[in-house]
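Asker: Following this message is one structure expressed as C-alpha cells.
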Amino acid sequence: MSSLTLSKALNEGLRKAMENDPKVLIMGEDVGKLGGVFRVTDGLQKDFGEDRVVDTPLAESGIVGTAIGLALRGYRPVCEIQFDGFVFPAFDQITTQLAKMRYRSLGKVSLPVVIRIPFGGGIGAVEHHSESPEALFAHTAGLRVVACGDPADAYAMIQQSISCDDPVLFFEPKRRYWDKTEVDLVGGVAAAAALDKARILASGTDVTVLCYGPMVRTCAEAAVAASADGRSVEVIDLRSIAPLDTEAIFASVRKTGRCVVVHEAPVTGGLGAEIAALVTQECFYQLEAPVLRVGGYSTPYPPSRIEEYYLPDLDRVLDAVDRAFTY
Amino acid sequence: MAVKAAGRAASRTNFKPPGTAELIQLLTPEGERAEHPDYPLDVSTEEIKSLYRDLVLVRRIDFEAIALQRQGELGIWASLLGQEAAQIGSGRALSPRDMAFPTYREHAVAWCRGLDPTKLLELYRGVSHGGWDPKEHNFHLYTIVIGSHVLHATGYAMGIQRDGAVGEDGEAVIAYFGDGATSQGDVNEAFIWASVNNAPIVFFCQNNQWAISEPLERQSRVPLYLRAQGFGFPGVRVDGNDVLACLAVTSKALQAAREGQGPTLIEAFTYRMGAHTTTDDPTRYRLSAELESWKLKDPIERVKQYLIRSGLADESFFTAVGAEADEVGLRVRKACLEMPDPAPLSMFDNVYAEPTALLIAERAQLAAYIDSFADEEAVR
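Taken in order, these protein sequences are the chains called D and C. Heads up: the first sequence is residues 622 to 948, going by my numbering. Heads up: the second sequence is residues 57 to 436, going by my numbering.
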C-alpha cells in the first residue's frame, strides 16, 4: 500500500496502463514536459517518449479528432482536456463521431478512447475552470461517463477505462487532486468494483445519498455528521454516470425509502433528474419522500468569491437529508 | 516501431521553419532609431515620451497584480511582462471608434482604451467575470476560451461592412490572440470568414513563443505571419518588443481595413518574460538562458535609451514617470483591497433578459437558506 494523492494515483494508473499495453498513448496540451497543469502525467513523457506522451497543438477538437484516427489504427489514446470548460471545441468530435462509430459500423469499429477531464469548482478559479458538464455527455448514447471519487478508486478506474473498448469520458474532481488515501498499486485494480458498478461508501438504513466525483468526500462527511443526529445515511458513490448502476440504486432506496442525489452540476436537466425519475418509477411504493436533489443553481458558474454559495456542501447535503424526513 | 519513432523525433529536433522572416523594426534593442520604407513613422517627441509612460505604467500595474496574487488578494493573474510594446503600440494605433477584442492578457490594450485597471482585477480576484460594458471603451470582455473571440471580432467587422462604415472615415476591428490560439479551429475559421468577406479586421497575434509549456514548433512549421498568404490576405511580422514598429505596422493595417482593403495578420514577435499565469512554473520547461537573451530586447529599456541618447528626455522626466507609476500601483492596490465581494444572490442576475420563474424560485430558496444560518447565529 502507498499513500498517494489523487493526482499521483492517476499518474501511477496511467503508468501501469502504458507499461501493460504499448498501444496506450497520452495526448493533450502541456501533458509532456510540464506533466499537465495538475501534474497527472508528470514524468511519463520522460519515461515513455514523445511518441507515446504527446504535447499536442492547442486545439481540443484536434486532440479528440486525431485520437479517433489513432484508435482506428489500433491505438488506445488517453486524451487530456485541460479544464472542463475547454472541452466544448471537441464537443462535435465527441458526440457526433466518437459516440456513434460503433453504431454506424454495425459493431465493426471500436473506439477505445479515454477523455480525461478535470471538473468541478471550489478552487477559486476564473471562468470556464470550475464547470461540471458531465450530463451533456451522459445524454449522448454510446459514451461511457465515469467520475472517480478518491485516489484508490482513481488508480483502478483509469486503468479500467483504458482497457474498456467503448469511449470513456473520465471526470476527475480537480479540487480533490491533493486528497490522499492508501492505494494498492498491486492488487488495486483486481479489488475494485467493475467500471459500471456503484459502490456503497457507508451503509445505512434511513436515507440513501447518491453522489460521485468531488461530492463523494462531502457526502461521506455528511453521513458521519448525520449519524451524530441519529440518522443512518447510506452513501453510494455512483462511479459510473452512464450507464447508471440502477440495481445498486434501487436496492438501496427500497431499503431506506428515501433518496437524495448530490452533484455540483446544475440540477436543471441534470443527472439527479434522471435518477429521480428512475427511482420514482421503480421504487414508488417504498418511497417515504420524493427524491431530492442537491446541486448547482440554474445559473452559469458564478465568480469564485461567491462559489461557496453555489456549490453543494456538507450543510446543504444535511439540509436535504433533514427535508427527506419531513414528508 | 522504436526505430521509426526515433526517426520522427530526430526530424522534429532538426526542424527549421522555411522562409526568411523579415522583422519590421523601427527601434533597435540598443535604442537606435531605424527606418523602414513601407512603414514611415512620423512621431513627435511628446508621443514617444507618452508611449514610454504607458509602457512603464502598465508594467507597474502588472507587477502590482502579481504581488496581490502572491498575497492572496487575487485568485490568479496572467502577466503581460515582456509584451508591453506589442500591446501599447497596437493599442495606441486604434481610433476611439475602432473595436478591440482581447484575450485575457491584454491589460495594456485595456489601458490604451481607457478601461480602469481595477476592472481587470475584479475578474482575477473572482468578483466578476469581467462585467465592463464593451461599448463604453470599444473594448470587448476578456475571453478565456482560447480563440473563440476571434470569430466574434470577425462577425463584428462584418457588421461594420453592413453599416456602411467602411471607406473614408471608416471603422476597423482588432482581434488579439496568441501563438497557441493559431492552432484552434475558431481562429482558422475566422481567417476564412474575414478573407472571403474582405472584412475590416486586423488579426494581431502576439507570438510570445510559448503556449504554457509548449514552444511554437508544437503549433507551427512556418512563421505564423506566412499563414495569412494561404488564407488570401497579407501577413507581416513586426518586432513585438518595439513599440514604434508595432504602432506603425498596426496603424497601417487598421487604416487599410477602414478603407475597405480587408484583413491583415500581424505577428508581433515577442516573448512571455514571466509565467503563463501565477499558477505556472516555467522552470519546468524552458531554459533560463532563453529568458536572459530576451531581457536584452526589453521593450521599455530601448525606448529609455533612445530618449536619453537623443537628448529628448532628462532624468526629471524618468523620475516623474517612476513617481506616477508608484501612484498608479498604490491606487490599484488600494482598489483591490477595498473591493467588496459580490452579494451571493447576485449570481441569479443577468442569466436572461428577464429572470425566469425557476431563477426567482432558486433565488428565494438560497435567500431562505442563508437566513436560516442567521437565525442559528442569533439563537446562539
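By construction, the Cβ of each residue, glycine as well, lies at the ideal position given by its N, Cα and C atoms. Source: prediction; values computed, not measured.
Going along the chain, which residues of its own chain have a beta-carbon closer than 7 Å to the beta-carbon of Tyr341(C), five neighbours each way excluded?
Answerer: Counting from one through the second sequence, the residue named residue 341(C) turns up at place 285. If we look at Tyr341(C) and ignore the five residues flanking it on each side, its Cβ neighbours are Ser269.
Asker: Any idea which residues DSSP pairs Asn263(C) with across the strands?
Answerer: For the purposes of this step, residue 263(C) is taken as residue 207 along the second sequence, with counting starting at 1. Answer is Phe325(C).
Asker: Reducing DSSP to helix, strand and coil, say where Thr199(C) ends up.
Answerer: Position 143 of the second sequence, counted from the first residue, corresponds to residue 199(C). In the three-state scheme derived from DSSP, where H, G and I count as helix and E and B as strand, Thr199(C) is classed as coil.
Asker: Considering only C-alpha positions, which residue in the set Tyr918(D), Val900(D) and Arg914(D) is nearest to Leu954(D)?
Answerer: Look at the range of chain D in this structure, 622 to 948, and you will see that residue 954(D) is not part of it.
Asker: Report the option in Phe791(D), Val699(D) and Gln780(D) whose CA atom is closest to the CA atom of Asp705(D).
Answerer: One-based indexing of the first sequence puts residue 705(D) at position 84. Looking at Phe791(D), Val699(D) and Gln780(D), the one whose alpha-carbon comes closest to that of Asp705(D) is Phe791(D).
Asker: Let me check understanding here. Comparing Cα to Cα, which of Ala121(C), Gln240(C), Ala324(C) and Ala134(C) lies closest to Val747(D)?
Answerer: For the purposes of this step, residue 747(D) is taken as residue 126 along the first sequence, with counting starting at 1. When only C-alpha atoms are compared, the closest one is Ala134(C).
Asker: Is it true that the segment 103-116 of chain C meets the segment 257-272 of chain C, where meeting means three or more beta-carbon pairs spaced less than 8 Å apart?
Answerer: no
Asker: Does the segment 859-866 of chain D touch the segment 935-943 of chain D, meaning 3 or more C-beta pairs lie closer than 8 Å?
Answerer: no
Asker: In whole angstroms, what separates the C-alpha of Phe233(C) from that of Arg387(C)?
Answerer: The count along the second sequence starts at 1 and reaches residue 233(C) at position 177. The count along the second sequence starts at 1 and reaches residue 387(C) at position 331. Those two C-alpha atoms are separated by around 29 Å.
Asker: Can you tell me whether Tyr341(C) is helix, strand or coil according to DSSP?
Answerer: Against the second sequence, residue 341(C) aligns to sequence position 285. Three-state result, Tyr341(C): coil.
Asker: Cα separation between Ala894(D) and Ile117(C)?
Answerer: Mapped onto the first sequence, residue 894(D) falls at position 273. Mapped onto the second sequence, residue 117(C) falls at position 61. Rounded to whole angstroms, Ala894(D) to Ile117(C) spans 47 Å at the Cα level.
Asker: What are the start and end residues of the alpha helix (DSSP H) that includes Ala886(D)?
Answerer: In the first sequence, the residue the question calls residue 886(D) occupies position 265. Counting along the chain, Ala886(D) falls outside any alpha helix (DSSP H), though it belongs to the beta strand (DSSP E) covering Cys880 to Pro887.
Asker: Where does Met57(C) land, buried or exposed, given buried means 16+ other C-beta within 10 angstroms?
Answerer: Here residue 57(C) refers to the residue found at position 1 when the second sequence is read from its first residue. With a pLDDT of 39 at Met57(C), under the threshold of 50, the modelled position of this residue cannot be trusted, and the question is left open.
Asker: Lys175(C) to Ala228(C), Cα distance in whole Å?
Answerer: Taking the first residue of the second sequence as position 1, residue 175(C) is located at position 119. Taking the first residue of the second sequence as position 1, residue 228(C) is located at position 172. Roughly 25 Å between the two C-alpha positions.
Asker: Once you ignore the five residues that flank Cys904(D) on each side, which residues in its own chain have a CB closer than 7 Å to its CB?
Answerer: In the first sequence, counting from the first residue as 1, residue 904(D) sits at position 283. Only Phe871, Val874 and Arg875 meet the Cβ criterion.
Asker: Could you please give the first and the last residue of the uninterrupted beta strand (DSSP E) stretch that includes Arg697(D)?
Answerer: Residue mapping note: residue 697(D) aligns to position 76 of the first sequence, counting from 1. Per DSSP, Arg697(D) belongs to the beta strand (DSSP E) from Arg697 to Glu701.
Asker: Since Ser211(C) meets chain D, which of its residues come closer than 9 Å, beta carbon to beta carbon?
Answerer: The sequence position of residue 211(C) within the second sequence is 155, counting from 1. According to the sequence provided, residue 211(C) is Gly. The question's Ser does not apply to it. What Gly211(C) touches in chain D: nothing, since even the nearest Cβ is about 17 Å away.
Asker: Near His749(D), which residues of its chain fall below 7 Å by C-beta distance, leaving aside the five closest residues on each side in sequence?
Answerer: Translated into positions along the first sequence, residue 749(D) becomes position 128. When the five nearest sequence neighbours on each side are left out, the beta carbons in the same chain lying within less than 7 Å of the beta carbon of His749(D) are those of Phe704, Gly706 and Phe707, in order along the chain.
Asker: For Asp713(D), which beta-bridge partners are listed by DSSP?
Answerer: By one-based count along the first sequence, residue 713(D) stands at place 92. In the DSSP output, where bridge partners are listed per residue, Asp713(D) has none listed.
Asker: Could you list which residues in chain D have their beta carbon closer than 9 Å to that of Val201(C), in chain order?
Answerer: Taking the first residue of the second sequence as 1, we reach residue 201(C) at position 145. Neighbours of Val201(C) on chain D, chain order: Gly706, Phe707, Phe709, Pro710, Glu748 and His749.
Asker: Quick one: any contact between the segment 121-140 of chain C and the segment 273-290 of chain C, if contact means 3 or more CB pairs under 8 Å?
Answerer: no
Asker: Decide if Thr412(C) is buried, meaning its Cβ has at least 16 other Cβ atoms within 10 Å, or exposed.
Answerer: For the purposes of this step, residue 412(C) is identified with residue 356 of the second sequence, where counting begins at 1. So Thr412(C) ends up on the exposed side.
Asker: How big is the Cα-Cα spacing for Pro190(C) and His196(C)?
Answerer: Counting from 1 along the second sequence, the entry for residue 190(C) is found at position 134. Counting from 1 along the second sequence, the entry for residue 196(C) is found at position 140. Between Pro190(C) and His196(C), the C-alpha separation is close to 4 Å.
Asker: Which value, in whole angstroms, describes the spacing of the CA atoms of Arg926(D) and Gly316(C)?
Answerer: Mapped onto the first sequence, residue 926(D) falls at position 305. Mapped onto the second sequence, residue 316(C) falls at position 260. The alpha-carbon atoms of Arg926(D) and Gly316(C) are separated by roughly 45 Å.
Asker: Kindly say whether Arg181(C), judged by its beta-carbon, lies nearer than 8 Å to any beta-carbon of chain D.
Answerer: Within the second sequence, the letter at position 125 stands for residue 181(C). It does; some Cβ of chain D falls within 8 Å.
Asker: Using 8 Å as the limit for Cβ to Cβ distance, is Ser682(D) near chain C?
Answerer: In the first sequence, counting from the first residue as 1, residue 682(D) sits at position 61. Interface residue, yes.
Asker: Quick one, which of Val201(C), Tyr198(C) and Pro152(C) has its alpha-carbon nearest Glu192(C)'s?
Answerer: Taking the second sequence and counting its residues from 1, the one referred to as residue 192(C) is at position 136. Glu192(C) has its Cα closest to that of Pro152(C), out of Val201(C), Tyr198(C) and Pro152(C).
Asker: Going along the chain, which residues of its own chain have a beta-carbon closer than 6 Å to the beta-carbon of Ala62(C), five neighbours each way excluded?
Answerer: One-based indexing of the second sequence puts residue 62(C) at position 6. Unreliable placement is indicated for Ala62(C), whose pLDDT of 43 sits below 50; the coordinate value is still reported in the next sentence. None.
Asker: Any contact between the segment 381-398 of chain C and the segment 155-170 of chain C? By contact I mean 3 or more CB pairs, one from each, below 8 Å.
Answerer: no
Asker: Are the segment 156-167 of chain C and the segment 363-372 of chain C in contact at 8 Å, needing three or more beta carbon pairs?
Answerer: no
Asker: Is the number of C-beta pairs between the segment 806-818 of chain D and the segment 668-684 of chain D that are closer than 8 Å three or more?
Answerer: In short, these stretches do not touch, since the Cβ pair count stays below three.
Asker: From the DSSP output, in three-state form, read off Arg737(D) for me.
Answerer: Within the first sequence, the letter at position 116 stands for residue 737(D). Arg737(D): strand per DSSP, three-state reduction.
Asker: Ala846(D) lies in the alpha helix (DSSP H); which residues open and close that run?
Answerer: Residue mapping note: residue 846(D) aligns to position 225 of the first sequence, counting from 1. Unbroken alpha helix (DSSP H) run through Ala846(D): Met836 to Ala849.
Asker: Using three-state DSSP, classify Lys801(D) as helix, strand or coil.
Answerer: Counted from its first residue, the first sequence places residue 801(D) at position 180. Here Lys801(D) sits in strand by DSSP.
Asker: Can the beta-carbon of Val734(D) be found less than 8 Å from the beta-carbon of Ala680(D)?
Answerer: What you label residue 734(D) is simply residue 113 of the first sequence in a count that begins at 1. What you label residue 680(D) is simply residue 59 of the first sequence in a count that begins at 1. Contact flag unset, no.
Asker: Excluding the 5 residues flanking Leu935(D) on each side, which residues of the same chain have their C-beta closer than 8 Å to its C-beta?
Answerer: Start at 1 with the first residue of the first sequence, and residue 935(D) comes out as number 314. Cβ neighbours of Leu935(D) beyond the five flanking positions: Thr839, Glu842, Ala843 and Ala846.
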